[in-house]
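Okay, structure first, notes after.
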Amino acid sequence: MADLTTNFIGIKSPNPFWLASAPPTDKEYNVRRAYEAGWGGVVWKTLGSEGPPVVNVNGPRYGAIWGADRRLLGLNNIELITDRPLEVNLREIKQVKRDYPDRALVISLMVPCDEESWRAILKAIEDTGADGVELNFGCPHGMSERGMGSAVGQVPEYIEMVTRWVKQHSRMPCIVKLTPNITDVRKPAEAAKRGGADAVSLINTINSITSVNLDSFAPEPTIDGKGAHGGYCGPAVKPIALSMVSEIARNPETRGLPISGIGGVTTWRDAAEFMALGAGTVQVCTAAMTYGFKVVQEMISGLSQYLDEHQMSVGDLVGRAVPNVTDWNQLNLNYVTKAQIDQDLCIKCGRCYAACEDTSHQAIAMSDDRTFTVKDEDCVACNLCIDVCPVESCITMRQLGKGEVDPRTGKTVGDYANWTTHPNNPMAQAAE
Amino acid sequence: MTNSPLTPGIVAGRLGAEALAGNFADIAPRFDAHEARVAADRCYFCHDAPCMTACPTTIDIPLFIRQIATGTPEAAAKTIFSQNILGGMCARVCPTEQLCEEVCVREVAEGKPVEIGRLQRFATDSLMAAGVHPFARAKPTGKRVAVVGAGPAGLSAAHRLAMKGHEVVIYDPRPKAGGLNEYGIASYKAPGDFAADEVAWLMKIGGIRVEHGKALGSGLTLDGLRKDHDAVVLAVGLAGVNALRAEGEALDNVLNAVDFIAGLRQAADKAALRIGRDVVVIGGGMTAVDAAVQSKLLGAENVTIVYRRGQERMSASAHEQDHAASAGVRILHNAAPVRVHGNGAAQEVEFAYTEDGPGGLTLKGETFRLKADQVMKAIGQVLDGAPEGLRIEGGKIAVTGAGRTSVPGVWAAGDCASGGEDLTVTAVAEGRDAAEDIHASLMGQAG
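Residue numbers (the UniProt record's numbering), protein chains in the order written: chain A, 1 to 432; chain B, 1 to 447.
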């Protein structure tokens, strides 16, 4: 069994699977259950300043979208930071950390954007024994209206400023949690790094309205006839999160900055993908909220098996796919493939035909006996047929070898060449 | 003193009320909304879908399933009813395993088709339960059409004709409309008063009048109908029953399976129905299975279906045969009845083993006997009392195109017409198509 032990910016945990700062980590009771179930670490639900705690709505806090058989694909929440008194949280954190010294325990923080507030909260958590802090610059609902959460995360200068305060007033490792509700995630990450952050974590939730009730004409979840946007998470957001993680991982300004990957991690495979794109740990929320804490056991066994099978360590995996993330203009335009349909696997549903005929390149022929074949002379290898085929591996792409003629273009497949040197590119540079 | 399956002779009440109620309950209860969505999600929405081609009424199956999946079963029902106005009954009785579900790409790929029949029922039940009739009549054409027979073909033709604005009179000898839907379907396939409810719902289109107690040769003549109407549809079904042509056929308790099934369907109290301890059903089709299974469900101890040829020749589907076997019915193949023994009433049936060779079916010398308090004949129905002047072909009314008979102005549809399988769904398709042809023909004349 592979060694999953992780050392993330000096914070050690028996595995890279942490619970994200969220409803599941709001109380000692939950966190103890999480550790017992096997989670390597926990980011405690965001603490606010001392004083009267925030209040939550008393109607629904979550909205969802489902796939077949009500499989939960996306979850939206309008819950705020912890609504329990600061001293209660601090007492519980201290107790839990003492009882589970081998597990990571990071405290998420969100206080008003002034130095004194940050200094005070950092002092308050000083003797809890926690391993680090995570600055919540991400929550897109409620707190952002009060100038916190994503309202900070959307202004790189504020990120840098607050991060600097935190590093100045605390010796704890500092993770900056980023919001995806921006145009270019590299900017806030760069700001965090400039401010001295030890790591970034992303993504926080995405602004969302999950559905609209067509009888009451109110967004859901609905509170007394009204709805406010929430934060979207779960399997549906994973592709967005992967892209953002990869952008930070390959950006020259932030390359090497440790990343804790968040966004729709549901299985070991999701986690491994985040790690391959540079995440040293992953944080999970929706999968635990959907299935309970036990899901971590599949993540542990799955990642372990994968690493064993590939004779890799966790360190070998982290960042391994980053060099292969590139810009479009670097893609090889002389890489030519053609779809091919395995007639033994084909169940003759005709979805590939409908998709290609109606919406693509009319490159699939249908015979009277429902045999579907690819017309190489029309196939642009767009992959849509594979994406809509209900049978895995029934349609595959065959790569044309160097020297073969592409029947569509009549051109011979040549060596690597990309857009930057393509004759159709008005900005083309002469090939060197 | 209560009876049991072991009570000798033919008696009522072999099973208690609770067991009977369970036995005759809905064999495939309706999906709930969640089940329907899960089942609907399995549909691949195939291009030029094989299921649609296999359906005799060409229902747009992928479309109606998608309408279920998106939470609009009423729209799904309208998709179904626009092709098959008896889609509710067809959802219950169609041998889907030989039609749409047999060619479902998921059946071919995984041996587990999309449950099209049950989804159709979910959709049609949703709309019918709301009491909504989704079609409106066109403005009256002033044309009058006679439909003889209130079975699936006749009802389908009548509805389509009425919808087009014609005035329709249906004539039927029985006290209730519905034909085989009312009198010929196993009770557990359409429990409650579904057939009658469906007819009442269908009639909401308006413009259809039913005259009961009338049939050709019994108050009606074809010439008379032609004189009084602009067109005539014959949808009289197959009212005759083939004879065993075995000695002893006239003994008491040798009965037609169709009569047994009809009696069972109409019985208010199943406990009052008399059934033998030993029942022998002769035949190899759906009627044989329906009669045998229901005999067993009434509490007969031993029920045997005997078919003269091999299993592969049985017209009852494999699904139906499995259903019979799981109900405890024994199915014997390659044996033909040669004599019913008994003194006044049947006691035993003697069968000869058969051989199905290239020269046809031959009886072997060896015979065996089965005890039989009741012998049910289910060896096929035949056209009975077709009016003179109509060309007959292979024992049925010869038709060309959309049900045109050899007599101008007279169409035929359903089991009585040549061509097509003797299925409810085929009858509905033929009735509908005849109606469309009549409409085109009548309005063409008018124009």
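C-beta atoms are modelled at their ideal positions from N, C-alpha and C, and glycine is treated no differently.
Item	Value
What residues from chain B crowd round Asp69 of chain A, counting only those whose CB sits closer than 9 Å?	His34, Arg37, Val38 and Asp41
Does chain B have any CB closer than 7 Å to the CB of Cys379 of chain A?	no
How many angstroms separate the CA atom of Leu20 of chain B from the CA atom of Met289 of chain A?	47 Å
Can you tell me the Cα-Cα spacing of Gly225 of chain A and Leu317 of chain A, whole angstroms?	48 Å
Please classify Glu116 of chain A: does DSSP put it in a helix, a strand, or coil?	helix
Are the region 427-434 of chain B and the region 149-160 of chain B touching by the rule of at least three beta carbon pairs closer than 8 Å?	yes
Can you name, in chain order, every residue of its own chain whose Cβ lies under 6 Å from the Cβ of Val325 of chain A, other than the five neighbours on each side?	Ser246 and Arg250
CB-CB under 8 Å to Ser315 of chain B, same chain, minus the five flanking residues each way: which ones, in chain order?	Gly284, Gly285 and Met286
Specify whether the region 236-254 of chain B and the region 373-382 of chain B touch according to this definition: at least 3 beta carbon pairs, one from each stretch, less than 8 Å apart.	yes
What in chain A is Cβ-close to Val132 of chain B, meaning under 8 Å?	Within chain A, no residue comes near Val132 of chain B; the closest Cβ sits about 20 Å away, beyond 8 Å.
Determine, using beta carbons only, whether Thr396 of chain A and Leu75 of chain A come nearer to each other than 7 Å.	no
Please check if any C-beta of chain A sits within less than 7 Å of the C-beta of Val103 of chain B.	no
So, using beta-carbon positions, are Ala413 of chain B and Ala231 of chain B closer together than 7 Å?	no
At 3 residues or longer, what runs of the beta strand (DSSP E) sit wholly inside the region 324-401 of chain A?	337-341, 364-366, 372-374 and 395-399
Give a yes or no on whether the C-beta atoms belonging to Val168 of chain B and Ile116 of chain B are separated by under 7 Å.	no
Taking only three categories from DSSP, how would you classify Trp39 of chain A?	coil
Applying the 10 Å Cβ sphere with the 16-neighbour rule, what's the burial state of Ala28 of chain B?	exposed
Where do the ends of the alpha helix (DSSP H) carrying Ala321 of chain A lie?	Run containing Ala321 of chain A: none; DSSP gives neither H nor E here.
Hey, does Gly9 of chain B have any beta-carbon neighbour from chain A nearer than 7 Å?	no
Mapping the DSSP letters down to three states, classify His341 of chain B as helix, strand or coil.	strand
Between which two residues does the alpha helix (DSSP H) containing Gly154 of chain B stretch?	Pro152 to Met163
What do you reckon, are the CB atoms on Leu345 of chain A and Val282 of chain A nearer than 7 Å?	no
Within 10 Å of its beta-carbon, does Met1 of chain B have 16 or more other beta-carbons around it, so buried, or fewer, so exposed?	Confidence in Met1 of chain B is poor, its pLDDT being 49 and thus under 50, which makes the residue's placement unreliable; the coordinate value appears in the next sentence. Its Cβ having fewer than 16 others within 10 Å, Met1 of chain B is exposed.
So, for residue 498 of chain B: in the same chain, excluding its five sequence neighbours on each side, which residues have a beta-carbon less than 6 Å away from its beta-carbon?	Residue coverage of chain B in this structure runs from 1 to 447, which leaves residue 498 of chain B outside it and unanswerable.
Compare the C-beta of Tyr171 of chain B with all C-beta atoms of chain A and state if any pair is closer than 7 Å.	no
Can you find at least 3 beta carbon pairs, one from the region 96-104 of chain B and one from the region 46-55 of chain B, that sit closer than 8 Å?	yes
Less than 7 Å between the beta carbons of Pro188 of chain A and Pro221 of chain A, yes or no?	no
Is the closest heavy atom of the ligand ADP to the C-beta of Thr420 of chain A under 6 Å?	Here there are no bound small molecules, and the ligand ADP is not part of this structure.
Considering only residues of the same chain and omitting the five flanking positions on each side of Val210 of chain B, which have a CB-CB separation below 7 Å?	Ala150, Ile170, Asp172 and Ala177
What residue range is occupied by the uninterrupted beta strand (DSSP E) comprising Gly136 of chain A?	Reading off the sequence, residue 136 of chain A comes out as Asn, not Gly. Gly132 to Asn136 is the span of the beta strand (DSSP E), which, as asked, contains Asn136 of chain A.
The beta strand (DSSP E) that contains Trp419 of chain A, what's its start and end?	No beta strand (DSSP E) holds Trp419 of chain A; DSSP gives it neither H nor E.
Show which residues of chain A have a CB atom less than 8 Å away from the CB atom of Leu109 of chain B.	The amino acid at residue 109 of chain B is misidentified as Leu; the sequence shows Ala. Within 8 Å Cβ-Cβ: Ile347 and Val391.
Are the CB atoms of Ala417 of chain A and Leu333 of chain A within a distance shorter than 7 Å?	yes
Does the pairing of the region 80-96 of chain B with the region 418-429 of chain A give three or more beta-carbon distances under 8 Å?	no
Only counting runs of 3 or more residues, tell me where the beta strand (DSSP E) segments fall wholly within the region 155-225 of chain B, in order along the chain.	167-172 and 208-212
Report the rounded CA-to-CA distance for Thr371 of chain A versus Ala354 of chain A, giving the unit in angstroms.	13 Å
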